[in-house]
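Quick notes on the structure that follows.
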Amino acid sequence: MGDQVFQLERSWYIGNAFFAILYGLQLSMYFQTIYLSLNTSEGSRRTRTFNIVFSTALLCFITVALACNLFFGQAMWIEHRDFEGGPAAYFGENIAAWYNTLGTAADVTANVLGDGMMLYRCHVFWGHSPLAMVFPVLLYLGSVAMGITTTIQSGLPSGDFFKGTAVNFGIPWLVLTIVFNIVVTAMIVTRLLSVHYRVNKVVGREATKRYTGLLAILVESALPFTVLGVCYLALYVKEIPESLAFADIWGAFVALSPQAIVLRIAMGGAWTKETFNRLESGMELSVIDNATNDLEGDRDAKSRSSSSHV
């Protein structure tokens, strides 16, 4: 029993530490996004405005989630350290406190926004096939409904997000959210690899890195978020203390992954509908091919110039 108590406390502490580190990364990407959106002409004015509003909303929600976690840790370890049964007992008695429910609601809302971004990005990649979007849309709506229900259940008196009745709603929510991300990730990666194969045959590997390189696949598909979600679900279902740490880390990536996509959009390196339209018509291939030929021509000219001087 003692070991399990310490595991719970360690897990909560480690989770908060990683959450704080990832929050710093979130802040860095946020300010880069704002700077690029305000000081460059990349994308339309509507897109730049969306980048600012969406990024600010994500940052606000994830800030509330982190602040609530840290406040609960302070109450558990410092202000009420003499609570009968120790910090673990205080944790069990106060996990449904209003500030914890607020933190859960903030994280769930950030997840709704992030999944909405992924749904839109999937539409960008598969917009030519509306039928392909039916299943992801249904998963998204189910995930939103279960996320709201889980938040309400965990906030009821004697509620606990990590065990009891709330888990009966939390597991379906996590399953729907993670299955949604697996499906959307698979769809986006499939399209990226398909385009990579097509473009690579025409212009070569170096010229396609911006569109279909490893970084593009990781960011556009939010693959790290999906993998972390699978790990978190496996621990959450077993109701073991280590799930607390993964809850915080996964909760940070709820905002971090969509923020990375928005930053990529602000930098002008993200896929858009226009990108696919140009690729479908062959225009993008021609542009890349011409740029590659120009680059090679410049190199040849420099080589000939050097030879003539010798």
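To convert, note that position 301 of the sequence shown is 330 in the working numbering; the numbers rise steadily by one, no gaps. Glycine is no exception: its CB is placed at the ideal position from the N, C-alpha and C atoms. These numbers come from a predicted model, not from an experiment.
Would you say alanine 281 and isoleucine 81 are within 9 Å of each other, going by their C-beta atoms? What you label residue 281 is simply residue 252 of the sequence shown in a count that begins at 1. What you label residue 81 is simply residue 52 of the sequence shown in a count that begins at 1. Taking the C-beta atoms as reference points, isoleucine 81 is found no nearer than 9 Å to alanine 281.
Threonine 92 by DSSP, collapsed to three states: which one? Position 63 of the sequence shown, counted from the first residue, corresponds to residue 92. Residue state, collapsed to three classes: helix.
Residue environment, aspartate 111, which counts as buried when at least 16 other CB atoms sit within 10 Å: Taking the sequence shown and counting its residues from 1, one reaches residue 111 at position 82. Exposed.
Residue range of the alpha helix (DSSP H) that threonine 180 falls in? Numbered from its first residue, the sequence shown carries residue 180 at position 151. Residues 163 to 184.
Would you call asparagine 129 buried or exposed, if buried means 16 or more other Cβ atoms sit within 10 Å of its Cβ? In the sequence shown, the residue the question calls residue 129 occupies position 100. Flag for asparagine 129 reads buried.
Distance between threonine 180 and isoleucine 124 (C-alpha atoms, nearest Å): Taking the sequence shown and counting its residues from 1, one reaches residue 124 at position 95. Taking the sequence shown and counting its residues from 1, one reaches residue 180 at position 151. For isoleucine 124 and threonine 180, the distance between alpha carbons rounds to 12 Å.
Contact under 9 Å by Cβ, glutamine 61 with leucine 285: Numbered from 1 along the sequence shown, position 32 holds the residue referred to as residue 61. Numbered from 1 along the sequence shown, position 256 holds the residue referred to as residue 285. Cβ atoms of glutamine 61 and leucine 285: not closer than 9 Å.
Using the Cα positions of glycine 121 and alanine 295, report the straight-line distance between them to the nearest angstrom. As a position in the sequence shown, residue 121 is number 92, starting the count at 1. As a position in the sequence shown, residue 295 is number 266, starting the count at 1. Cα-Cα distance, rounded: 43 Å.
With DSSP as the reference, label alanine 118 as helix, strand or coil. Within the sequence shown, the letter at position 89 stands for residue 118. Residue state, collapsed to three classes: helix.
Element boundaries [alpha helix (DSSP H), containing tryptophan 127]: Here residue 127 is taken as the residue at index 98 of the sequence shown, counted from 1. Residues 127 to 155.
Residues near methionine 146 by beta carbon distance below 7 Å, same chain, minus five either side: For the purposes of this step, residue 146 is identified with residue 117 of the sequence shown, where counting begins at 1. Closer than 7 Å at the Cβ level, and outside the excluded window around methionine 146, lie Pro287 and Ile290.
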